[in-house]
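Count along the sequence shown from 1, add 531, and you get the number used in the numbering used here.
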Amino acid sequence: METTTKKQQLLKIIYEKLEQAYEDTLEDIIELLDIRKQEDEEDIQSFEEAKNEPRIPWEQVKREIGL
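If you want it as structure tokens, here you go:
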């Protein structure tokens, strides 16, 4: 419950800031969010590949990706 409330507060603050932002700033934000999403997808793919790679010890994989 606490996480949901905090997320709602953050979204409210973000929305207020976005309402005041210039168009090029909004475009930059979209680009950054897209980059972040792509990086997350690449991390997940690397994680799955490493998890299934028998030559790399699983403990080493977890250390390298920060688990």
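Heads up, the beta-carbon is just placed ideally off N, CA and C, and yes, glycines get one too.
So the alpha helix (DSSP H) residue i belongs to, where does it begin and stop?
| i | result |
| --- | --- |
| A581 | E554 to K582 |
| I596 | W589 to I596 |
Going by the beta-carbon positions, is the gap between residue i and residue j smaller than 9 Å?
| i | j | result |
| --- | --- | --- |
| T596 | S577 | Correcting the residue type first, residue 596 is Ile in the shown sequence and not Thr. Yes, Cβ-Cβ distance for I596 and S577 is below 9 Å. |
| L549 | L541 | no |
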